[in-house]
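Peer 1:
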Amino acid sequence: MYKERVIKTFKNLEFLLFVPDLILLIFTFLSGFVFVKYSGVLNLLTDANKLASSLRVADSIEALAPIFTSLVQKDVLVVLIYLLIFFLGGFVLGSGLLAMKFGMMKDVVEKKKLSLKNMYDHSMNHFWDVVWLRLTIFLISLAVIVSFAMLASLNALNSFYQETFFILISILFLLTLIFLRFLLLFRYPALFFDRTNSTQTVKKLYDYFLKNYKHIILTWLVIFGFGLIIVLLDLSLNKITIISLLVIVIAIRYIINLIYNVWSDLFLFYNYKLE
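In this note's numbering, the protein residues as written are 182 to 456.
In structure tokens:
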């Protein structure tokens, strides 16, 4: 079953499925460029490079300190505003693009034709569904981290078997992260196929996990296996040190990772429906 769906997923990788990730890449590049250019960070990096090339490391760090302090005093508000715009813009745009991409993936699984109009409709119709699901998962993750941080803090006050309890807490934390990884693996297929709100989606995922935990683990292992191949390809490309080929190598690496990311998401959509 998994072999057929791997092949089927590759065969149905239509160009429009890659558009949301490409748009996000362009936004990240442009916003990063604007931030570096107008926040004063570029001047800091330029001065740091000049100092590093003309002075010893210790001297250049000492000489750079006043420049960095000046940047913080004069432009800290500007930097914070740019960062806020970057993260908020990225979250809002990213949510719209996720709604667009996963809506199209649902169409592909249901053998519907993709179009630019449908792309736009998906981003509008499912935007808030994606936003609330992302916020819900963030709150769940935050609750887990805070809970274990409190346990670790209480254990620090414990004078008996402190190391033993720390190891137990660390193991429990790791097992919780693994459980959440498997539990939330099909979060977007569940959201788009079942058309429920974020809390109902999490509840459905829990029921789905109890009934199909073997299927979830096997699906993850297939995706992990292909991801491991991608990592090995990246490592082999790292061996290319010819400067004239670096741009080509970076482009190849991005294309490979882009194909893998879109394929893995579509593979999840195909595997959510067991029939």
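Using N, Cα and C, we set each Cβ at its ideal position, and we do this for glycine too. Computed from a predicted model, the values in this text were never measured in an experiment.
DSSP on Glu291, reduced to helix/strand/coil?
Peer 2: Coil, per DSSP.
Peer 1: Given a threshold of 16 other Cβ atoms within 10 Å of its Cβ, counted over all protein chains shown, does Tyr453 qualify as buried or as exposed?
Peer 2: By the neighbour-count rule (16 or more Cβ atoms within 10 Å), Tyr453 is buried.
Peer 1: Take Arg434 and list the residues in its own chain whose beta-carbon comes closer than 7 Å to its own, dropping the five residues that flank it on each side.
Peer 2: Excluding residues within five positions, the ones whose Cβ falls inside 7 Å are Asp415, Leu418.
Peer 1: Within 10 Å of its beta-carbon, does Gly277 have 16 or more other beta-carbons around it, so buried, or fewer, so exposed?
Peer 2: Buried, because 16 or more other Cβ atoms sit within 10 Å of the Cβ of Gly277.
Peer 1: For His303, name the three-state secondary structure that DSSP assigns.
Peer 2: Reduced to three states, the DSSP call for His303 is helix.
Peer 1: Give the single residue among Thr380, Val289, Phe329, Leu203 whose Cα lies nearest to the Cα of Leu355.
Peer 2: With distances taken between Cα atoms, Leu355 lies closest to Phe329.
Peer 1: Beta-carbon within less than 6 Å of Thr317's beta-carbon, same chain only, minus the 5 sequence neighbours each way: which residues are those?
Peer 2: Closer than 6 Å at the Cβ level, and outside the excluded window around Thr317, lie Ser379.
Peer 1: Please report the residue range of the alpha helix (DSSP H) in which Leu335 lies.
Peer 2: Counting along the chain, the alpha helix (DSSP H) containing Leu335 begins and ends at 308-337.
Peer 1: By a C-beta neighbour count over all protein chains shown, 10 Å radius and 16 as the cutoff for buried, is Leu297 buried or exposed?
Peer 2: With fewer than 16 other Cβ atoms within 10 Å, it is exposed.
Peer 1: Have a look at His303 and Ala280 and give me their C-alpha separation to the nearest angstrom.
Peer 2: Each residue's alpha carbon lies about 6 Å from the other.
Peer 1: Is it true that the CB of Lys189 sits closer than 8 Å to the CB of Tyr451?
Peer 2: A contact, by the Cβ cut-off of 8 Å.
Peer 1: In whole angstroms, what is the alpha-carbon distance linking Leu198 and Tyr369?
Peer 2: For Leu198 and Tyr369, the distance between alpha carbons rounds to 15 Å.
Peer 1: Is DSSP giving Ile423 helix, strand or coil here?
Peer 2: Reduced to three states, the DSSP call for Ile423 is coil.
Peer 1: CA-CA distance, Gly213 and Ile431?
Peer 2: When rounded, the distance between both Cα atoms is 18 Å.
Peer 1: Between which two residues does the alpha helix (DSSP H) carrying Leu402 extend?
Peer 2: Note, Leu402: alpha helix (DSSP H), 379-418.
Peer 1: First and last residue of the alpha helix (DSSP H) that includes Glu344?
Peer 2: First-last of the alpha helix (DSSP H) with Glu344: 343-364.
Peer 1: Thinking just about the alpha-carbon of each residue, which of Leu353, Gly406, Met286, Leu361 is nearest to the one in Tyr387?
Peer 2: Looking at the Cα atoms, Leu361 is the closest of the given residues.
Peer 1: Would you mind stating whether Ser443 and Leu274 have Cβ atoms separated by less than 8 Å?
Peer 2: Note that residue 443 corresponds to Val in the displayed sequence, not to Ser. No.
Peer 1: Taking the beta carbon of Ile262 as the centre, do at least 16 other beta carbons fall within 10 Å, making it buried, or is it exposed?
Peer 2: Classification of Ile262: exposed, given that the 10 Å Cβ count is below 16.
Peer 1: Nearest-angstrom Cα distance between His477 and Lys293?
Peer 2: This structure cannot speak to residue 477, because the chain is shown only from 182 to 456.
Peer 1: If you draw a straight line from the alpha carbon of Leu323 to that of Leu314, how long is it in whole angstroms?
Peer 2: Their Cα atoms are separated by approximately 14 Å.
Peer 1: If you measure from the CB of Asn193, is any heavy atom of the ligand ATP nearer than 7 Å?
Peer 2: With respect to small molecules bound, the structure shown includes none, and the ligand ATP cannot be examined in it.
Peer 1: Would Ile350 and Asn339 be called neighbours here (beta carbons separated by less than 8 Å)?
Peer 2: Cβ atoms of Ile350 and Asn339: not closer than 8 Å.
Peer 1: Identify which residue in Tyr394, Phe347, Lys420 has its Cα closest to the Cα of Leu364.
Peer 2: Checked all of Tyr394, Phe347, Lys420; the closest Cα to Leu364 is Tyr394.
Peer 1: Excluding the 5 residues preceding and the 5 following Tyr441 in the sequence, name in chain order all residues of the same chain whose CB lies nearer than 6 Å to its CB.
Peer 2: The answer, listed in chain order, is Ile411.
Peer 1: Could you have a look at Arg376 and say whether DSSP puts it in helix, strand or coil?
Peer 2: If DSSP states are grouped into helix, strand and coil, Arg376 belongs with coil.
Peer 1: On a CA-only basis, which of Val428, Ile421, Lys420, Leu402 is nearest Val187? Give me that one, please.
Peer 2: Answer by Cα proximity: Leu402.
Peer 1: I'd like the span of the alpha helix (DSSP H) that includes Lys454, first residue to last.
Peer 2: First-last for Lys454: undefined, no H or E at that position.
Peer 1: Would DSSP call Lys192 helix, strand or coil?
Peer 2: Looking at Lys192 - three-state DSSP - the assignment turns out to be helix.
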